[in-house]
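Notes follow once the structure below has been shown.
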Amino acid sequence: MAAIKQVKSKIKSVKNLQKIIKALEIVSTIKLQKLKSAMMNYRAFMRSFFWVLRKIRSEVNIFDFDEMQRDASGKVLLIVATSDRGLCGAINSRIFRQMEEKYGKSKENVDIFVVGKKGVDYFVRNGRNVVGSVVITDKVELQETKPIALYIKKALEEKKYSKIKIYFNYFKNTMHQYLTRFKLYPLDEESLGDFVSFIELEESELSTDENRTLMVEPNLAEFKFEFLNLMIRNILYSAVLNNKTTEHASRMIAMKSAKDNCTEVITQLKILYNKTRQTKVTQEISEIVSSKSAIE
């Protein structure tokens, strides 16, 4: 009898766990749809942004503001996007593994600005030089990247870093996400082309309208620096938006898999319950028959 009660208790526990997992799956599904919509809106904005960039590039080299002053052998700044919570597959571990492979032996020459609590915990625990951190909400608004953008702007003014790179998970679709590394500084034509491909804008979508004009204030040199920082901020936003979308897609898939596993476990427990009960009934019948035979 005790064995039957134990199996029934396990079935109840797994069913309760399945309800929690299903709730997490539903929440991630809703958030994923909202983030997909945000990515579409961002893509529309970038079409206009690149029109302005092309207009400027037709008259001036926007990437040459400090190429003669930058120390090519200086320190490296890494912006690393991670999640705030777990249960989202391997999106954090693959970034951490990449960090160790590339920068495991050069800790003193690398500064890290972390997006997400999981990254902060990992890099602090491993003795990395974390110069800043920020938590991005599920809404992923542009203003949330401001602390990173301000740090980078100040670093550029001080010529503090020779390179600035960002690591994040690129959201291709719900089933496919990839670890991505993008060079934020020094920005050049190649980096810009990579970014256009990254956000999947077609060349036809970036065509300029010659009837439109562009005015620059207060002066070209200051405008170039501010515009470069604006580009960096938009790339940052795109990266954290992709990473957050990947987080919820991965969590949704993980929860669906866990929910299916719960269903399988419940099925196996029910089979075990029926077998145990059948064994108990058979035993009781056998005892009755034995008792009757003894009386006779």
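Numbering (the numbering used here), first residue to last: 19 to 314. Glycine is no exception: its CB is placed at the ideal position from the N, C-alpha and C atoms.
- Shown here for Val142: same chain residues with a beta carbon closer than 7 Å to its own, the five before and five after excluded, namely Val148 in chain order.
- Taking C-beta separations shorter than 8 Å and ignoring five residues to either side along the sequence, the partners of Glu126 in its chain run Asn147, following chain order.
- Only residues of its own chain outside the window of five on either side were considered, and among them Lys201 have a CB closer than 7 Å to the CB of Ser209, listed in chain order.
- Take the alpha-carbon of Leu254 and the one of Pro165: they are about 11 Å apart.
- Between Leu50 and His266 the beta-carbon gap is near 4 Å, inside 8 Å, which marks them as a contact.
- Gly134 counts as buried, since at least 16 other C-beta atoms from the protein chains shown sit within 10 angstroms of its C-beta.
- Using a 10 angstroms sphere on the CB of Asn252, the tally of other CB atoms reaches 16 or more, which defines it as buried.
- Residues of the same chain with a CB within less than 8 Å of the CB of Lys277, apart from the 5 flanking positions on each side, are Gln36, Ile39, Lys40, Glu43 in chain order.
- Note on Asp129: 16 or more other CB atoms within 10 angstroms of its CB, so buried under the neighbour-count rule.
- Rounded to the nearest whole angstrom, the CA to CA distance from Glu159 to Tyr291 is 51 Å.
- By the Cβ criterion, the stretch 51 to 65 is in contact with the stretch 256 to 264, since at least three pairs of Cβ atoms, one from each stretch, lie closer than 8 Å.
- Taking a C-beta distance under 8 Å as the contact criterion, Ala21 and Thr294 qualify as a contact pair.
- Here Ile182 has Leu95, Leu202, Tyr203 as same chain residues with Cβ atoms under 6 Å from its own Cβ, once five neighbours each way along the sequence are excluded.
- The straight-line gap separating the alpha-carbon atoms of Ile113 and Tyr196 is approximately 10 Å.
- Remark: C-beta atoms of Ala62 and Ala257 do not approach each other more closely than 8 Å.
- When Asn79, Lys190, Cys106 are compared, the shortest CA-CA separation from Asp206 is found for Asn79.
- Inclusion of Ser151 and Lys93 in the CB contact set at 8 Å is not warranted, their separation being larger than that value.
- Under the DSSP assignment, Val138 falls in the alpha helix (DSSP H) whose first and last residues are 135 to 143.
- By the C-beta density criterion, Ile250 is buried, having at least 16 other C-beta atoms within 10 angstroms.
- Taking the Cα of Ile184 as reference, the smallest distance to any Cα among Lys177, Thr163, Glu176, Lys190 is reached at Thr163.
- For Arg112, the enclosing alpha helix (DSSP H) stretches over residues 111 to 121.
- With distances taken between CA atoms, Leu105 lies nearest to Met270 out of Met270, Val299, Ser31.
- Across the structure, Ile303 and Ser46 are spaced so that their CA atoms are roughly 52 Å apart.
- About 6 Å separates the beta carbon of Ile284 from that of Ile29, a gap short enough to meet the 8 Å contact definition.
- Positions of the alpha helix (DSSP H) runs, each at least 4 residues long and wholly inside the stretch 263 to 288, cannot be given because no such run exists.
- Around the Cβ of Thr198, a 10 Å sphere holds 16 or more other Cβ atoms; the residue is buried.
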